[in-house]
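S.K.: Numbering-wise (this note's numbering), the first sequence opens with residue 521 and increments by one.
All C-beta atoms, glycine included, are put in the ideal place defined by N, C-alpha and C.
None of the values given here were measured: they were computed from a predicted structure.
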Amino acid sequence: MHQAIVNWFGRNARDLPWRSADCSPWGVLVSEVMLQQTPVVRVLPVWKDWMSRWPDPGSLAAAASGDAVRAWGRLGYPRRALRLHAAAAAITAEYDGEVPGSYDRLLTLPGVGSYTAAAVAAFAFGHRETVVDTNIRRVQARLSSGQALPAPALTAAEMRLATELLPEEPVLSVKWNAAVMELGALICTARSPRCTECPVRAECSWLAAGEPEPTYTPRGQAWAGTDRQVRGAMMAALRAAESGLQRELLFAAAPSIVTQVHGTGTESEPDSDALSPVGAQLHRLYALKAEEDQLARAIEGLLRDGLAQALDGGRIALPL
DNA sequence: CACGCGTGGCG
DNA sequence: TCGCCAAGCGT
Numbered sequence: 521m522h523q524a525i526v527n528w529f530g531r532n533a534r535d536l537p538w539r540s541a542d543c544s545p546w547g548v549l550v551s552e553v554m555l556q557q558t559p560v561v562r563v564l565p566v567w568k569d570w571m572s573r574w575p576d577p578g579s580l581a582a583a584a585s586g587d588a589v590r591a592w593g594r595l596g597y598p599r600r601a602l603r604l605h606a607a608a609a610a611i612t613a614e615y616d617g618e619v620p621g622s623y624d625r626l627l628t629l630p631g632v633g634s635y636t637a638a639a640v641a642a643f644a645f646g647h648r649e650t651v652v653d654t655n656i657r658r659v660q661a662r663l664s665s666g667q668a669l670p671a672p673a674l675t676a677a678e679m680r681l682a683t684e685l686l687p688e689e690p691v692l693s694v695k696w697n698a699a700v701m702e703l704g705a706l707i708c709t710a711r712s713p714r715c716t717e718c719p720v721r722a723e724c725s726w727l728a729a730g731e732p733e734p735t736y737t738p739r740g741q742a743w744a745g746t747d748r749q750v751r752g753a754m755m756a757a758l759r760a761a762e763s764g765l766q767r768e769l770l771f772a773a774a775p776s777i778v779t780q781v782h783g784t785g786t787e788s789e790p791d792s793d794a795l796s797p798v799g800a801q802l803h804r805l806y807a808l809k810a811e812e813d814q815l816a817r818a819i820e821g822l823l824r825d826g827l828a829q830a831l832d833g834g835r836i837a838l839p840l
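1) Suppose the cutoff is 7 Å on Cβ atoms and the five residues either side in sequence are ignored; what does the same chain contact list for A638 look like?
2) Looking only at its own chain, which residues have a Cβ that is under 6 Å from the Cβ of H647, when we skip the five neighbours before and after it?
3) If W538 sits next to G547, beta carbons under 8 Å apart, how far is it from one beta carbon to the other, in whole angstroms?
4) Among A668, A644, F645, whose alpha-carbon lies nearest the alpha-carbon of T654?
5) If you draw a straight line from the alpha carbon of P670 to that of R680, how long is it in whole angstroms?
6) Closest by CA to M701, which one among W743, A722, Y635?
7) With a cut-off of 8 Å on the beta carbons, I'd call V526 and A699 a contact; round off their distance for me.
8) So, using beta-carbon positions, are M554 and L595 closer together than 8 Å?
9) So is E678 buried or exposed if we call it buried at 16+ other beta carbons inside 10 Å?
10) Whole angstroms is fine: what's the gap from L604's alpha carbon to G730's?
11) Is H647 helix, strand or coil when you go by DSSP?
12) Report the rounded CA-to-CA distance for Y615 versus Q523, giving the unit in angstroms.
13) Let me confirm a value: W743 is counted as buried when at least 16 other C-beta atoms fall within 10 Å, else exposed. Which label applies?
14) Would you mind reading off the limits of the alpha helix (DSSP H) that contains L629?
15) Grab me the residues of A816's own chain with a C-beta within less than 6 Å of its C-beta, minus the 5 sequence neighbours each way, in chain order.
16) Please name the residue, chosen from D576, R599, W726, Q660, that lies closest to G752 on a Cα-to-Cα basis.
17) Which residue comes first and which comes last in the alpha helix (DSSP H) that contains L525?
18) Buried or exposed: V691, going by 16 or more other Cβ atoms within 10 Å of its Cβ?
19) Between which residues of its own chain and E733 is the CB-CB distance below 8 Å, once the five residues before and five after are set aside?
20) Quick check on the DSSP output: the alpha helix (DSSP H) that includes I656 runs from which residue to which?
21) According to the Cβ coordinates, are A644 and A609 closer than 8 Å?
22) Evaluate G704 with the Cβ neighbour count: other Cβ atoms within 10 Å of its Cβ, from every protein chain shown; 16 or more gives buried, anything less gives exposed.
23) Per DSSP, what kind of secondary structure is D542 in: helix, strand or coil?
24) Taking the Cβ atom as the reference point for each residue, do W574 and S551 lie within a distance shorter than 8 Å?
25) Could you give the DSSP three-state label for C708: helix, strand or coil?
26) Tell me the DSSP secondary structure of V619 in three-state form.
27) Go ahead and pull the three-state DSSP assignment for L674.
28) With H, G and I counted as helix, E and B as strand and the rest as coil, what does DSSP make of V720?
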């Protein structure tokens with residue numbers, strides 16, 4: 521089974537720049553953070569631009585966090601850009617600008633959890649690590665456990681199984697981790713798996729069991745009418761401002777979003793009390809349009825200081 | 001530990 | 001069309 525999957529990987533692996541032999545540990549770290557919950561095709565152009573602009577942790581640490589957020593573009597979950605910026609600062613201050621190679625030290629960095637720490641230690645430093653991402657979990661669930669999908673949350677049993685399956689030899693273990701991830705991404709996909717092309721279809725417990733249905737239904741993420749929608753609109757306006765914020769852009773985005781959050785289109789002004797916390801804050805900001813000096817300072821403050829809270833706290837903390 | 005966090009493409 | 005899904009993390 522190991523031989524079949526590793527051989528398949530040798531023939532079918534995508535040619536991704538962060539897999540190149542001359543890619544730095546920093547490049548691997550940046551790719552892993554960008555790939556958290558974001559598809560490869562969307563990461564590729566942003567990663568190239570990011571690495572060209574900030575080729576090492578020190579250069580990113582010297583930049584403004586707002587620039588990191590803008591360069592993040594539309595990858596989503598922009599708090600990751602803030603955490604990567606903070607990680608660059610920590611690497612510069614505590615590790616002399618060199619990305620640490622040990623799992624334990626990587627784990628201390630902002631935005632680096634158990635998966636990313638293991639992935640960077642393995643893929644950038646060649647260490648033998650138990651790497652478990654959503655692809656590996658799904659392959660294990662089908663191949664070994666006969667389940668259509670893994671459990672909603674990562675379990676200790678899954679970690680044990682992954683460690684049991686991991687080859688002893690470090691170089692082979694790195695290939696194995698990458699190969700199983702790639703198999704999950706290209707063949708053993710969540711919705712329409714391409715089992716006829718699978719190199720281990722003969723050993724698959726899920727196929728042998730007759731492709732049973734998932735035993736639970738995943739819960740979707742709310743979007744319309746939520747604070748997330750308001751934050752998304754504000755982030756789009758903030759990104760659009762190249763230097764400082766052109767407040768017209770924020771105002772242009774505000775009324776339609778406030779109306780959406782409040783309800784269907786009416787001529788009257790929305791009642792701010794009926795809005796979500798972020799929606800109410802945005803409405804309050806919109807109402808201050810006349811006082812331009814105060815408004816300009818507020819927006820600059822939002823960009824400079826309040827952005828982290830806006831992204832992390834679930835509410836816009838305007839310094840008004 | 002269950003939950004909230006952006007965004008866009010696809011079945 | 002619309003809900004599901006994508007190399008998770010922090011609280």
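M.R.: Let me lay it out:
1) Y623, E649, T650, V651
2) A641
3) 5 Å
4) A668
5) 14 Å
6) Y635
7) 5 Å
8) yes
9) buried
10) 44 Å
11) coil
12) 38 Å
13) exposed
14) Taken as a continuous stretch (DSSP letters only), L629 belongs to no alpha helix (DSSP H), as it is neither H nor E.
15) A caution first: A816 carries a pLDDT of 42, below 50, which makes its placement in the model too unreliable to give a value.
16) R599
17) The amino acid at residue 525 is misidentified as Leu; the sequence shows Ile. 522-532 is the extent of the alpha helix (DSSP H) around I525.
18) exposed
19) A668
20) 654-663
21) no
22) buried
23) coil
24) no
25) coil
26) coil
27) coil
28) coil
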